[in-house]
Amino acid sequence: AQIKSTEVERWTWVINEYLRSNGLLNLSIEITNTLRKQIIKVLQKSVEEGWGIEETVRQLNTAKFPKWMATRIVRTELAKATNTGAYVGAMDAGIELEKMWISATDSRTRFIPRNKYDHLHMDGKIVGMDDGFVVPSLENVESLLYPGDPKGSAGNLINCRCCVAFV
């Protein structure tokens, strides 16, 4: 099925609204409210223009944010926002769906015992739309609605490249 432009507009609106209200709230560094607004503006433009991570990082790369930090912020915030948008879109679909966790499966994917959280073994896990994904952890049990769920801990969110799909 072809995606209608109104669906893309709604998805973009949901992501931008998420960034506006929730973006950059759980950073591992302190930033001013003014800088937060500037970063969110860049992230929103990234969504609207369809930039990739590298272009978004280029736009964000400033003296206050070295490239490694800008990349971490962009990857984390856009993953949280796009997975939120996907979840909202699936909820609006009007059909019964389940959701699947899709992990980036490479040498950087977090797994126990190298990391405290395990996203590698989450790959392909399917749960109901209202159910949470229980992510294996050495610290605590977290149930996330989708990868990048803002209620997750920093260890589950920062630099996560996982996404959610619907079946």
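Residue numbers (the working numbering): 866 to 1032. A virtual CB, placed ideally from N, CA and C, is assigned to each residue, including glycine. Keep in mind the model is a prediction, meaning the values are calculated, not measured.
Exercise. In the structure shown, what three-state DSSP assignment does glycine 950 receive?
Worked result: Note: glycine 950 maps to helix in three-state DSSP.
For this session: With DSSP as the reference, label tyrosine 982 as helix, strand or coil.
Result: Looking at tyrosine 982 - three-state DSSP - the assignment turns out to be strand.
Exercise. How big is the Cα-Cα spacing for asparagine 926 and glutamine 909?
Worked result: Cα-Cα distance, rounded: 16 Å.
Problem set entry | glutamate 1007 - DSSP class collapsed to helix/strand/coil | Reduced to three states, the DSSP call for glutamate 1007 is strand.
For this session: Would you kindly report the start and end of the unbroken beta strand (DSSP E) that includes glycine 993?
Result: Per DSSP, the continuous beta strand (DSSP E) segment holding glycine 993 begins and ends at 991–993.
For this session: Could you tell me whether the segment 1012–1028 touches the segment 955–969, using the rule of 3 or more Cβ pairs below 8 Å?
Result: Yes: at least three Cβ pairs fall under 8 Å.
Exercise. Would DSSP call lysine 1016 helix, strand or coil?
Worked result: Per DSSP, reduced to three states, the secondary structure at lysine 1016 is coil, with no helix or strand assignment.
Exercise. Per DSSP, what kind of secondary structure is isoleucine 1035 in: helix, strand or coil?
Worked result: Residue 1035 lies beyond the stretch modelled for the chain, which goes from 866 to 1032, so this question has no answer here.
Exercise. Quick one: is methionine 987 buried, meaning 16 or more other Cβ sit within 10 Å of its Cβ, or exposed?
Worked result: Buried, since its Cβ has 16 or more Cβ neighbours within 10 Å.
Exercise. If we count the other Cβ atoms within 10 Å of its Cβ and call it buried at 16 or more, is leucine 1003 buried or exposed?
Worked result: Around the C-beta of leucine 1003, fewer than 16 other C-beta atoms lie within 10 Å, and the residue is accordingly described as exposed.
Exercise. Would the beta-carbon of threonine 877 fall within 7 Å of that of valine 907?
Worked result: Their beta carbons are not under 7 Å apart, which means threonine 877 does not touch valine 907 by this criterion.
Problem set entry | Residue closest to phenylalanine 1031, alpha-carbon to alpha-carbon, out of Leu1009, Pro1001, Thr974, Ile960 | Measuring from the Cα of phenylalanine 1031, the nearest candidate turns out to be Ile960.
For this session: Reducing DSSP to helix, strand and coil, say where isoleucine 1023 ends up.
Result: It is coil, neither helix nor strand.
Exercise. Can you tell me whether DSSP reads serine 972 as helix, strand or coil?
Worked result: Correct three-state label for serine 972: coil.
Problem set entry | Range covered by the alpha helix (DSSP H) that runs through valine 922 | Under the DSSP assignment, valine 922 falls in the alpha helix (DSSP H) whose first and last residues are 918–925.
Problem set entry | Cβ pair count under 8 Å reaching 3, the segment 970–981 against the segment 994–1008 | Result yes; three or more Cβ-Cβ pairs closer than 8 Å.
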